[in-house]
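Inspection log for the structure reproduced underneath, given as structure tokens.
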């Protein structure tokens, strides 16, 4: 399949989930009741994605509040602050690092397995990356941003390794904070590399809203196969940057602006994809919204995604009929693993379950330690072999 | 003259307790059509009075209105100008907060007071002096879409002329401390000539005989002063607010013109870890001679809205206590 469609991760929470979360946080309902509501919402979310015709699904993050705080709540070394403002009338509770950061047990694994078993389509696992976790916390313990980021990396690496063992073909590690401190791009690369060291799953990252002029093209050194970027919010102006300095990874091309109530048309999506194919090789393009959908209503999300899928199908048809002939060849740097990053290996979004024990991505894979001590065994894998080795 | 304590600019408008979330609930009610603009104004007034009282109770000598009415650090002022349209969300510097980008659609002009009513309300509620705070022209221009303007400099010039009129109106309304926030200067020191040019323009608003004793402050943050204090002292402001948070004694004292006031951002406004007032005061010892004989305020190095309300309150209390101790250190 060309132009696989997916989403960045979060979906709007139905009122039932919001009410259940409020009750649980005020002690008026138990965690089991909340979990039941979240599971039903996850089922609905997965079913909606199937009905819309998306190719790579997500669990919708019904069980998560803030993307950093959720992970902090489930690790040692944190306490959670009072409310701080994000923007407008939106507030969140920010993690505070008060001791050594450690993962005490798998965080998202049960949810990944639960969502994966709801569908025959590939289920993408989604985590928050170490640099963003560090940047979005108060640090009262380490006193060094690098120390915090590397401690986060070690903890998140354990989660990535567990997800891989559970059969996650696609693991997205979000790093939206990477684009705001260009002087720390080296630390972002270093901590991301530690997070995925020895991992063989297909690694994606999502970066948005920041100073791309200052971090591009060096950001391509982040050892991910795919970068999911917000392009439509800024009128695709980033394309010019990628014309000047070719993009050497897969692109998750943002065709929907998630910060507007306006619903895109299929024709708008087609036009955005046509422009994408002037810059990126066809085989490297995945189709996404710009960012997570949690700030939109369910109706808006459904309508926007329907336009995305319809527009993508139309472009696929034009390509298959020969009406549209993408001309961009895969850059040599991609094949060679340019910038020291792993080689791009573009794969078709596979249909069919990849359940642990049934169709493991890495059958018999060994432990992938945080210091590059992966012991993956050869043979038995149903996945294509990776052509490049992650640092 | 002497050493005292101040807030830099904003202050958390909600807290964790239910009564402290009145403004959040009212905004949500307005958004869903269940409350009116008058309800919102009343809630903003109530919370403004509350945060002023909280700053005063913590011991601050110079307070702000907490920017309780501001949707973000840029648009509250920008949307009140002719020629500006407020557009999409962008990240605000290196913070995990956002602002809506002002976009110039035509010549940018002052069309009437934007913050005067806010200032007058705050001054009427406060026992201590209230500092008026506005976004600076260079920062406004850098964060805006220039539209028909040929350059950021040209847009900054028109923002400066608009600010000149706002500053004059604030001075006439009785503001004695008027602060222009230029965080962009700490991030891009090369913009100093533009800031100087803009300040010269803004100062024109304080040249009339009716503007009283108003003093114009230039605030930089999101980056340390790092030896640039002497250069910034020559940009044309009556006072500087700079980020000097950290550990250990301050370095070599700068040589500063007589009469220049200093707001020293000695408390980390972006971290919950609380400083010790005694240590904060001791850090100033190498600068004792340079600080004597001028107005010095100890303050956070950034807006306190990055912190939860309870921590913000503890930070301003620390500033007040540190100022008392610092008076001994620099005596």
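Residue numbers (this note's numbering), protein chains in the order written: chain A, -19 to 371; chain B, 351 to 681. Think of the CB as a built atom: it goes at the ideal place given N, C-alpha and C, for glycine as much as any other residue.
CB contact below 7 Å: residue i versus chain B
i, result
"residue 116 of chain A", "yes"
"residue 189 of chain A", "yes"
"residue 120 of chain A", "yes"
Neighbouring residues, chain A, relative to residue i (Cβ below 8 Å)
i, result
"residue 374 of chain B", "69 and 71"
"residue 608 of chain B", "Those do not exist, as residue 608 of chain B stays about 36 Å from chain A at its closest Cβ, beyond 8 Å."
"residue 365 of chain B", "62 and 63"
is_contact[residue i, chain A] using C-beta, thresh 7 Å
i, result
"residue 441 of chain B", "yes"
"residue 673 of chain B", "no"
"residue 658 of chain B", "yes"
"residue 655 of chain B", "yes"
"residue 421 of chain B", "yes"
"residue 447 of chain B", "yes"
Beta-carbon spacing of residue i, residue j below 7 Å
i, j, result
"residue 253 of chain A", "residue 299 of chain A", "no"
"residue 603 of chain B", "residue 574 of chain B", "no"
"residue 287 of chain A", "residue 246 of chain A", "yes"
"residue -8 of chain A", "residue 276 of chain A", "yes"
"residue 568 of chain B", "residue 590 of chain B", "yes"
"residue 555 of chain B", "residue 518 of chain B", "yes"
"residue 131 of chain A", "residue 39 of chain A", "no"
"residue 458 of chain B", "residue 430 of chain B", "no"
"residue 471 of chain B", "residue 520 of chain B", "no"
"residue 526 of chain B", "residue 563 of chain B", "yes"
"residue 536 of chain B", "residue 509 of chain B", "no"
Contact list for residue i against chain B, beta-carbon separation under 7 Å
i, result
"residue 76 of chain A", "622"
"residue 160 of chain A", "441 and 444"
"residue 213 of chain A", "438"
"residue 239 of chain A", "438 and 439"
Residues that residue i contacts on chain B, provided the C-beta gap is smaller than 9 Å
i, result
"residue 20 of chain A", "Chain B residues near residue 20 of chain A: none, gap ~25 Å exceeds 9 Å."
"residue 2 of chain A", "Ordered by position in chain B, no residue passes the 9 Å Cβ test against residue 2 of chain A, which lies about 13 Å from the chain."
"residue 225 of chain A", "Result: empty, since nearest Cβ-Cβ is about 22 Å, beyond 9 Å."
Cut-off 7 Å between Cβ atoms - residues of its own chain near residue i, not counting five sequence neighbours on either side
i, result
"residue 372 of chain B", "393, 396 and 397"
"residue 334 of chain A", "Bear in mind that the predicted position of residue 334 of chain A carries a pLDDT of just 39, short of 50, making it too unreliable to give a figure here."
"residue 674 of chain B", "none"
"residue 292 of chain A", "-17, -15, 249, 253 and 267"
"residue 492 of chain B", "502 and 534"
"residue 424 of chain B", "449, 452, 485, 490 and 493"
Same chain only: Cβ atoms within 6 Å of residue i, ignoring 5 sequence neighbours per side
i, result
"residue 155 of chain A", "109, 111, 112, 185 and 187"
"residue 630 of chain B", "616 and 672"
"residue 453 of chain B", "435, 437, 495 and 497"
"residue 646 of chain B", "353 and 612"
"residue 306 of chain A", "257 and 262"
Closer than 9 Å at the beta carbon, the chain A residues around residue i
i, result
"residue 377 of chain B", "68 and 69"
Close-in-space but distant-in-sequence residues of the same chain around residue i (CB under 8 Å, 5 per side omitted)
i, result
"residue 219 of chain A", "211, 255, 256, 258 and 259"
"residue 88 of chain A", "105, 106, 107, 139 and 143"
"residue 649 of chain B", "355, 356, 357, 358, 591, 613, 614, 615, 616, 617 and 669"
"residue 4 of chain A", "10, 11, 13 and 14"
Chain-ordered chain B contacts of residue i [CB-CB under 8 Å]
i, result
"residue 157 of chain A", "446"
Short CB-CB distance (under 7 Å) between residue i and chain D
i, result
"residue 477 of chain B", "Absent from the structure is chain D; the protein chains it does hold are A and B."
Cβ-heavy atom distance, residue i to the ligand ZN, below 6 Å
i, result
"residue 675 of chain B", "With respect to the ligand ZN, the structure shown offers nothing to examine, as it has no ligands at all."
* **Those runs of the alpha helix (DSSP H) which lie wholly inside the segment 385 to 425 of chain B and span at least 4 residues** => 387 to 407
* With a floor of 4 residues, list each alpha helix (DSSP H) that falls wholly inside the segment 178 to 225 of chain A, ordered by position along the chain. => 192 to 195 and 218 to 224
* Segments of 3+ residues assigned as beta strand (DSSP E) that fall wholly inside the segment 216 to 294 of chain A -> 230 to 234 and 265 to 268
* To do: Any chance you could list the beta strand (DSSP E) runs of at least 3 consecutive residues sitting entirely within the segment 456 to 495 of chain B, in chain order?
  => 481 to 485
* To do: Starting from the N-terminal side, write out each stretch of the alpha helix (DSSP H) that is 4 residues or longer and does not extend beyond the segment -4 to 82 of chain A.
  => 11 to 32 and 49 to 53
* At 4 residues or longer, and completely inside the segment 589 to 677 of chain B: list those alpha helix (DSSP H) runs for me, N to C. => 627 to 633 and 638 to 641
* **Complete runs of the beta strand (DSSP E) confined to the segment 514 to 583 of chain B [at least 3 residues]** => 527 to 531 and 565 to 569
* Asked: Of all the beta strand (DSSP E) runs that stay within the bounds of the segment 110 to 165 of chain A, which reach a length of 3 or more residues?
  -> 150 to 154
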